Structures are given as structure tokens and as C-alpha cells.
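Student: Structure below; questions to follow.
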Amino acid sequence: MFSLLPAFILFLIFPSGISLKVAIIGGGIGGASSAYFLRTLAPSETNIEIHLFNQGSIGGRLTTVQMQYNGEERIFEAGGTILHPANLYFKNWIEKFGLHKNKPHENGIMGIWNGEEFVFLKSSWYLITFYRLLKRYGFDLLKGHFEISSLLSDFENIYAMLESFDTVSILISQGRSFDTVDAMVTAMSIRLSKLVNRTMKEDLANSGYHYPFIMEFANAALNCNYGQSVKEMRAFAGFVGLAGFVSGLYSVNGSNKLIVEKLIDYSKIKLISAEVAAISKRNDQFVLYGSDGQELDTNYNYVIVAVPLHQKQQIQIEGVNWEGQRGKFKQITATFVEVLFGSYVTSYARISSFRFRFAASGSLRASHWSLSKNDMLTAVISCNNSLSYNAIAQILPVDYQESESLPRTDSNKIWKIFSSKNLTDSDLSLYFSEIKNIKRVSFLAYPEYKKYPADRPKFRLTKNICFVNAIEWLASAIEMSAIGGRNCINMLLRDFELIEINKSTKTKLYLLQKNGGKELGQYAMGKMVRCWWSMYCKWCRSLVTINGSKNGVRPTASVAPYPVLFPGMQSSKEVKDKGNEYFKQCSYRKATEAFTEAINLCPPEYKSHLAVCYQNRAAAYDRLGDPERSIMDCTKALELDPLYFKAVVRRAKAYLSLGRPEEALDDLTCAFVMNPEASESLKTDVDSAVALAAASLVEHVKNTRESVPVRDELVLLWRSSYVNDPILHDLKEESHSLSPYHQALEAIRQRHYEEVIPLIENDLRIQHSDPNHLNVTFILRDYILQARFALMKENVTSLKKTLAAFDHMWNTLSEDSRCEITNKRFRSMYHILLAAWKILEHCSDVESEFNHAVEIDQTNVDIYLGAALLLSENGQLQEAIDYLDQLNKIDPAHHLVKHMRANCKMALKASVGDVGGAVACMAKVDQLLQMNQNADPVLYLITGRLYYAAQNKELAKASFKKAAEGIPDYAAPMFYLAMVEAEEMEGSPNQMAVLESKMKICLEREKANPDALAILAKIAFQKQQLDEALRLYEQCIEVCPVHTNEASLLPAVTDYVQIRSLRKAVETLQRTTALPVDASCSVR
């Protein structure tokens, strides 16, 4: 389960002599970050000219206003006001450009208001605040904190994928790019992808949160940050809003807008003050036109659109219909009010059923708020979405210093009101006394997160045009725009092939993502087997020819046209044409009525015409936001004409909008087989359907599968790593005992791992059978062995139950028994295994278990090694190194400590861009192995993987051979050796046959080897043996880990869902067209 190598490296080269002219439309954070990433990531020898088009001031929605404060004009943030500590790009830019952070103003009182009373009111006394929170929301608040932390951890996966190399997905140098938003969120984690298709209220309620937390605390957070409700807002954006309601938030001193300016300056762009209204293509390059219809500039190789496509945005792109990506944005008004400081207002108000008298200085007109004159009500947040405001708060200038956190006694206060409508002066007079000045800033701030636009959001609009702001349909935040910019630049670099693999000169070093190295088999599959998509295209072209038509294309109905128009038919056609006109005029309701009348008028024998009418009505229902009716009409059209291409595609898109990806993928595959030439236009939707279908299947496997078979490699790692484990001491010694425990040890020696837990359970029954003669050491030993194998099997339920039983037994021991050295060993290992369980369950207090283990057995090197293994696996490299340093002090001669420390150090150096340091660490790893010719075979296996990832086939092959000599009966060395040798046979007609033969031998040695099963499945697919490929993938999915790392399962599942749909499509179309059934594609 836990690899000694948390990360690998890969050498890359870049071609030279390329010149590009790139247009970026939009001067907000999306456009500025795109310019920065393009300038910094493109090879230095590439000549890139960047033009940034922006009308108005730079910054986009990062706007500011000027107000009087402390006797002078000062600047205040109007939009894009906060940054989260998890915003890694902004954190890096602040450090890079030498900027400083402003912490939020935390003095005073904040309350959550429901329109009648404060449901929660912060106190200036921490303990009182804590008591009020606990009394009102119980432990939901703590539970929410842990859940947000866990979701943020999943979210942060995107940085590793955009930035680095991943062995599973073959992410290289500038990293991965995503054509669709669905693909991006699914890559972050399966859990996050589920949040896109349900409301925040549904998700919180299903997770066991209570009404007050959902409708008060969570709703206040979403109302404050997005002006929207938990009842309608999708959960992904909802959790982003909730994350913006925690401590640790900050802004840039001098305005967040400074980041945009710094990025633009650094990027060396040509700034053009103009509004782009249209983009056209001319000789494979792009021309941009202004709002007056005149050319702005020409000869662009690539265009990056970095403005939101809201209801007022109008950019026409030749050959691209992206109206389906247009969504409704929320109109937000930020109102700034300067209130005289010296005025006092006295009134009574109700706070949670109590009445108080108060006087507030220079603040709110408190007809609903009640505080003492010494308290400062600095923020009121509404949890009632029907109120005229979302939040009211006292704010400070963007350049304030700690010494001026509050205004001078002779100064006025500045308040900001966040509302969904424009508040009038009379509205404001209800909230404030003695208003001196008012300024308003209104803008379309965020998407309305009730539902996706008509089309699933896409980053790639067409070839060489991408859309940064598609990411806003996940969530709108400053960092999200930067992530969208990075994704689009990765796409550009790949489109122009500015990165190449498998070269030996001009190398540049990059870190693999934090789980790198665990799925080397999956990486090898990607290298050895042809790309799924290209094979898919090629095979579909040769597989089906439909009724003699070119590639079987049926853009319209295929039944023979009517030779004579009878009266009913004539009337139906006229009404249908009228419906088409309504549709063009966007009168979709009238269009549906016309198409319905056309259907009713049409004689039943005119199937072709009826199919068109149903399909056209489906299109109108689609535009009306009624995908269920659209599906029904498409289905009727396909009953009339099974080869109606447009109806198949439309139904697929409707299925996607309803979150039914398996059905969408089946339809898209049918469409693709009908018309392989449509691959480019269908690819984006196919990607979305595949990503969602794969995510659904992974979630199903996770929720229904109890365990997986124990892998040889995990047992080898355990046996080779620990030196003080009493169980391993027993394992090394021969015993003639016939006890179930010793039988379990023999089962381990014979690699009959499935027998271990039943035998240990039997041994425990025997141990407990005589309560008067319990051997507590043997019982603790049995629980630890059972827990270790439950962990290897990914049986989380069994692991938790076993650890609880151990803890119960431990609590019955006397102090003398607890101090016995063997029992202490078991207790310390209990905490390491409990830490592993917490990692599987995404708990946040893992470190405490390591501390407990160290307290119990401070000189046990196994504790420090176990902690380092878990931490490195979890991406906490520096913490892992700290534990290894402690291990090294205790036992400098430990057989693994220097190797593992060098590996972690290499990963850490590479993660911060220290190329030279990472290379030096890699050399250190090699040097250590050369000095230790009698090293454990597992070390040779690990080092061989490292060489293999770095494309040093010669050294990799030598290392795998050494590993194979030391453990000749195990599958792992043979698997990797076979992959290296297969690469050496590149171009040989026997390559696949030799690889297939060796993979079958691997399975003979380890039946549950998911890597070998996946390789054989891909080979079967290459042979066009669909049934065999599906069978092998099903076996692979059954035994592939999922709890420890979803990424190890996702590639196999992704291929599986596509092949499954392909088989269905072939079967359907062959039955429809009466083609003979190919034996290789027959259905089982």
C-alpha cells in the first residue's frame, strides 16, 4: 500500500525556433494569469508575442473605489476582496512580487441575522462566542470544518496535475490540460465531481447536518459570498463559499488588483485598449474585430478568451456556436457608505428572545441590533435571502497598517453593503445614521449556480481557441480564474507540441504529483499501448459502413423522402417550417407548439418527416431547459429512424445535462460509430461523459466492494522495512506449532494471503475461550496482524473494528503489562495503523497518532519509518524527512533510512523547482545503491522504477534484473522487466505477443495483479476482442485499489466504460443495419 518512493522525475526537452502570436481577451485575473503562465512556461527559445485586449481599467471584477478615511482619500476593495490560505498561485505571486498581506479586521461584533433576530452573535469574549456556537450548532460546525479541510485537500490535487508529471495520466512538464470542466473536477476527486450535480442543501442534509447549521450558518456564508441560497446553489460552489467563511483569509496590501498589474508587467505583453466583438479565421490564423466591425489585428495563432460569457457579453466566433455556454450571472451591488463618527443612536432590539438597551457610535441605525456602547457591531450577515441586503460590514482601506486598524476618534467609518439590488438612499437611511457620502459599484459578479448552462462548460471552444472562464461554472473565485488560465496555457503548449517526451538532451526536471510512483504499471500502459482516442477513431472507421453512405453519416433522417405531398403532409410541412422560424427567433415555446401541430397533421407513413419534427421539438425543449421531454422526443425520432445522427447527439447532450453519463456515453458512441469524421466535435462531450461515467463507477466500487486481494508488493514492503516487529521475528523462525497463528505465518510464507485473517480470527477465538488464562500479548499480536492485513486488503470496516478490539483489550491491562516491551511494540504499531485508517477516512488529526506512538516507544525505529512512509504517501515530504532524521539519530545504520531520505529530499527539491537539488538527490540515491551491493531486492525494485520513470532503460533493466534475482517467484520485478524489454522491441511484429506472454506469466505468479490485467485488456482491445477486453478490465477493477488511491483505479475504469459503450453501439448498429455480426464483437 505505501510506497517508499512518494514521487518520481522525468526528463523533458523542448523544440526550438517556434514563433507564436497569441491574443488574450480580458484584463482580469484570468487574462493576466494566462499571460504570465505563457511567458514563464514556454521554452525560452520560443518567440511569443502576446497581445492583451481589454476595455477599461485593468483588473476585471477586481475593482476599487475611493472614499474619505482618516482625513484623506483612501482606496477600498469593491470586488474580489478575499483570498484563502489554500490559494497556492496567489500565495506564490505575493512572495514572488514582494507584496504583503492584510489580515481581516477582527475587532468588534459579527452577527447572523434572520430578519427578526440574531440567531448567532459573536462576543468580544472568546469563551462566550464558543459557547454560543456550540449551543446553536452543536458539533456541526466542527464537522463542517473537517469536511472543508478534506475537500480542500481533494481540490489541491489540481495543482499537482496542472504543474507536474503524474505516472497515471502521463502528465508532463507544464502538466495536464482539460478540455472540459467536468473532466477537470473529476480529476480532482470523485467526491468533488459528485458535488457539481446536487444542491448544497441536499448534500449537507444527506451528510447528517442539522437544520440550523444548513439554513443559518451555511446559508449566511453563501449569501455573503455569492448572494445565493443553499436551496439552489450547487454544492461544489457552495463549499467554496463556505470555505470563504473561515479564519485565515487575507487580502493584498494595496489591493488584490496589484497582482493583476504585476502579472501583466512581468509578462511583457502589448496592451490594447479595445473591446473584441468577433473572431474569424483566415488562412489557419485568427482575426479580431472591434465593436465597430473594424479589424483590431490579424495573424493570431491562438486566442484565449478570458472574459465571462454572461447575459451582456457578446463575442461572435466564426464556426463556433457557444451560446449554449452562456449562463445567467448574478447582479451584485457593492454600496460604500461614509458614516459620521460622532453620532449616537439609542434604541431597543431583540436578540434571540432577549431585549437590551444600547448606544452605538457612528454605526448602524439599530432598530434590529442591540449592543452596549463599548462594543462595535462591525458586521451583520443575513441568512434570509429575501432581505434587501446580503451582508453589511465595516471595512478598512486596502493599504491600512496595523496601527490604524480603527479610525481616529475624529474620523468617519466606511461601511460596505453587499446586495442583490441597488439600494436607494432611503433604503440606506434605515440602516445608518448620519450618512455623509455614498458610492455604488454594480457588476455581474458570479454565475447563478442553480444549474449549468445548456451545454456543459468547455475550456476548448474549437481548435486553438480556449475559454478560461468556463471554470466559473464550478465556482467563481479569484484563484479559480488563475487555475483556468493555467489549464488553457497547458492546452496551448500541448497543441503546439512545445513539449516532447523520451529525448536525451536539453533536459528539464519536474516533480511527479504527490502519489507518483505508485501506479508505474499504469504509466507503462500509457507508453506501451496506443492512445485510446486514436485507436477508437481508426477502428470505428473500419468497423461499420451503414447502407452504403459515406461513413454512415446521417445528419438528418434517413428514411426515403416523400415523392408527393398529400394535403395533410403539405400542411404538416408548412407548420414545421413555421416552427423552424419561431426557433430561429428564439421563441421556443411557440416552436414546440408548431412542431406538435406538425406531428399531429403528419400521416404516420411519413416516418422521415415525423422523425425531423420530433427532433426539432426536442431541440426546442432543450432550449426551454426541459431535457426530459427532449429525451422523449429524440427517442421517438430514433424509433422512426434509428440512424438519425442529430437525434442521437441531442439525446446524449440531454442525458449529460441530467447527470446520466452512462446513457449519454452510449449515445455518443453510437453517433461516433455512425460518423467517425465527427470525432473532433464530439470529443468534448465524450470526454465529459467518460469522466462522469467513470467517476460514477469508481464511487460504486468504493461503496460496494468490501476488500481487495492482498498484493505481493505490500507484503514484501512490510517484511523488508520493519526490524522490531515481533510478528516478523516469528515469521523468520521455523516453528512446529500447529496453532492457527503459526498456520497464518506459514500462509504468509506460501503467499496464501486470503487464509491469514480467517486463521487469526480462529486463533483469537481460542485465546478468548479460557478467560482465566488469557495471554494478552498473543491477543494483542493477533489483533495487530489482523489489522495489518485488513489494511492491505483495504477492508476499512474490518480495520476499524480490529483496532477498536485492540484498544478495548489494551484498556484492561495492568500498568506492568503495558510496560512490557513486546506489548509496547504492539501498542505503538496500533497508533501507526490507526493513522493509516484516518488517512483512508480523510481525518485531519493523523499527526496525533504518530505522537502517541513515539511517546510509547521512543527508541523503536519502526515507528519513525512507519510515520515517514505514511506522511510521504500523503504528500507531506518535509514532515516525512523530519521523522527520518529522528530515525537516523537512533540508528544511523538502518538499511532504509538513507535511501528513503534521499528519495523524499529529491521529491521536495523538485516540488519547489530546485532542479539542481533534485538531480543531486537522484545521484545520491544511485550512489547509495552502488555502495550497498547486497541491498534488499525491494530497494532494487524501487530504484528500477525511478530509472524507468527517468527513461534510463539500461539502468532500469539492470535494477529490475537484480530484483528478479532476489525475489524470482514474484510478479512485480518480472512485470517491469517485461515493460522495459517490450519498449526495446519497439517496431517489432512480435512486441505485443512477447508482452502478452510475459503478462500471463505474471498472472500465474500473482493472480490479482491489476497492472498485468490492464495490460492484457489493452492488448485484447488492440486485437478487437471486445468481450475479452471487458472481461479482463472487470477483473482488473475487481482487484485494483481504490481507498488508498482512486487514481490507480480510474484509468482502468475509464477504458472499461468506453469499451462497454462501444460494444453496445456496435451491437445496436449491426442489428439496425442487418450487418453480419463479427465474432470478435459478439455479445456474451
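Taking mature numbering (1 follows the signal peptide of the UniProt record, and there is no 0), I'd label the letters of the sequence shown as residues -19 to -1, 1 to 1065. C-beta atoms are modelled at their ideal positions from N, C-alpha and C, and glycine is treated no differently. Keep in mind that this is a model prediction, so the values were computed, not measured.
Return the Cβ separation of Tyr283 and Leu473 in integer angstroms, given the expectation that the two are a contact with Cβ distance under 8 angstroms.
Tutor: Sure, about 5 angstroms apart at Cβ, within 8 angstroms.
Student: Indicate the three-state DSSP secondary structure (helix, strand or coil) for Lys489 in the structure shown.
Tutor: Because the pLDDT at Lys489 is just 27, under 50, the model does not fix this residue reliably, and the value given afterwards should be weighed accordingly. Strand, per DSSP.
Student: Candidates Gly847, Asn365 and Gly208: which alpha carbon is nearest Ser701's?
Tutor: Of the candidates Gly847, Asn365 and Gly208, the one whose C-alpha sits nearest the C-alpha of Ser701 is Gly847.
Student: Just to confirm, is the Cβ distance from Gly466 to Ala218 under 8 angstroms?
Tutor: No.
Student: So if DSSP puts Trp818 in a beta bridge, which residue, or which two residues, is it bridged to?
Tutor: Per DSSP, none; premise fails for Trp818.
Student: Check whether the Cβ atoms of Arg986 and Asp950 sit closer than 8 angstroms, and answer yes or no.
Tutor: It is a contact, given that the beta carbons lie within the stated cut-off.
Student: Need the endpoints of the beta strand (DSSP E) that Ser638 sits in, please.
Tutor: First-last for Ser638: Phe626 to Ser638, but that is the alpha helix (DSSP H), not the beta strand (DSSP E).
Student: Looking only at its own chain, which residues have a Cβ that is under 7 angstroms from the Cβ of Glu453, when we skip the five neighbours before and after it?
Tutor: Around Glu453: Pro289, Pro428 and Met461.
Student: Can you tell me whether Tyr192 is buried or exposed? The criterion is at least 16 other CB atoms within 10 Å of its CB, across all chains shown.
Tutor: When all chains shown are included, Tyr192 counts as exposed.
Student: Does the distance from the C-beta atom of Cys1021 to that of Leu1007 stay below 8 angstroms?
Tutor: No, Cβ-Cβ distance for Cys1021 and Leu1007 is not below 8 angstroms.
Student: Which stretch, first to last residue, makes up the beta strand (DSSP E) that contains Pro1022?
Tutor: Per DSSP, Pro1022 belongs to no beta strand (DSSP E) and is neither H nor E.
Student: Any chance you could list the beta strand (DSSP E) runs of at least 3 consecutive residues sitting entirely within the segment 370 to 425, in chain order?
Tutor: Listed in chain order, the complete beta strand (DSSP E) runs (minimum 3 residues) inside the segment 370 to 425 are 372 to 375 and 394 to 400.
Student: In this structure, how does DSSP classify Met966 when only helix, strand and coil are distinguished?
Tutor: Of the three classes helix, strand and coil, the one that applies to Met966 here is coil, per DSSP.
Student: Could you have a look at Glu97 and say whether DSSP puts it in helix, strand or coil?
Tutor: Here Glu97 sits in coil by DSSP.
Student: Taking all protein chains shown into account, decide if Ala834 is buried (16 or more other Cβ within 10 angstroms of its Cβ) or exposed.
Tutor: Result: buried.
Student: For the putative contact between Asn471 and Leu877, defined by C-beta atoms under 8 angstroms, what is the C-beta separation to the nearest angstrom?
Tutor: With 8 angstroms as the limit, Asn471 and Leu877 do not qualify as a contact, their Cβ atoms being about 36 angstroms apart.
Student: Where DSSP assigns a beta bridge to Ile5, which residues make up the other side?
Tutor: Per DSSP, Leu33 and Ile285.
Student: Please name the residue in Val906, Leu203 and Ile813 whose C-alpha comes closest to that of Leu850.
Tutor: That would be Ile813, whose Cα lies nearest to the Cα of Leu850.
Student: Where are the alpha helix (DSSP H) runs, 4 residues long or more, that stay fully inside the segment 646 to 710, in chain order?
Tutor: Counting only runs of 4 or more, we get 660 to 685 and 693 to 702.
Student: Step through the CB atoms of chain E and report whether any lies within less than 8 angstroms of the CB of Ser677.
Tutor: Of the protein chains in this structure there is only one, and it is not chain E.
Student: Would the beta-carbon of Glu128 fall within 8 angstroms of that of Ala67?
Tutor: In this structure, Ala67 does not lie closer than 8 angstroms to Glu128 by Cβ.
Student: Under three-state DSSP, which class holds Leu1030?
Tutor: It is coil, neither helix nor strand.
Student: Using the C-alpha atoms, what's the distance from Glu609 back to Arg1052?
Tutor: Spanning the two alpha carbons is a distance of roughly 27 angstroms.
Student: For the beta strand (DSSP E) that Ala258 lies in, which residues bound it at each end?
Tutor: Taken as a continuous stretch (DSSP letters only), the beta strand (DSSP E) holding Ala258 covers Val257 to Arg263.
Student: Could you tell me which of Met196, Leu815, Asn884 and His880 sits nearest to Asp917, measuring between CA atoms?
Tutor: Among Met196, Leu815, Asn884 and His880, the Cα nearest to that of Asp917 is on His880.
Student: Should Met912 go down as buried or exposed, given a rule of 16 or more other Cβ atoms within 10 Å for buried?
Tutor: Met912 should be labelled exposed.
Student: Hey, out of Gly8, Ala374 and Tyr370, whose CA is closest to Glu58's CA?
Tutor: Nearest of Gly8, Ala374 and Tyr370 to Glu58, Cα basis: Ala374.
Student: Would you kindly work out how many angstroms separate the C-alpha atoms of Asn705 and Ile820, rounded to a whole number?
Tutor: Straight-line Cα distance between these residues: approximately 24 angstroms.
Student: Assign Arg441 to one of two classes, buried (16 or more other C-beta atoms within 10 Å of its C-beta) or exposed (fewer than that).
Tutor: Result: buried.
Student: Assuming Tyr636 and Asp614 are in contact, meaning their beta carbons sit under 8 angstroms apart, how far apart are those beta carbons, in whole angstroms?
Tutor: 13 angstroms between Cβ atoms; not a contact.
Student: Round the Cβ separation of Ile398 and Tyr50 to the nearest angstrom and send it over; I've been treating them as touching at under 8 angstroms.
Tutor: Not really, about 17 angstroms apart at Cβ, beyond 8 angstroms.
Student: Can you give me the start and stop residues for the alpha helix (DSSP H) that Arg172 sits inside?
Tutor: Residues Ile171 to Leu176.
Student: Would you call the CB atoms of Phe220 and Asp121 closer than 8 angstroms?
Tutor: It is not a contact, given that the beta carbons lie outside the stated cut-off.
Student: DSSP puts Asn73 in a beta bridge; with which residues?
Tutor: The partner list for Asn73 (beta bridge, DSSP) is empty, contrary to what the question assumes.
Student: May I ask you to list the residues that DSSP assigns as paired with Cys447?
Tutor: Bridge partners of Cys447: Ile285 and Arg441.
Student: Using CA coordinates, which residue listed in His717, Ala579 and Glu256 is at the minimum distance from Gln294?
Tutor: With distances taken between Cα atoms, Gln294 lies closest to Glu256.
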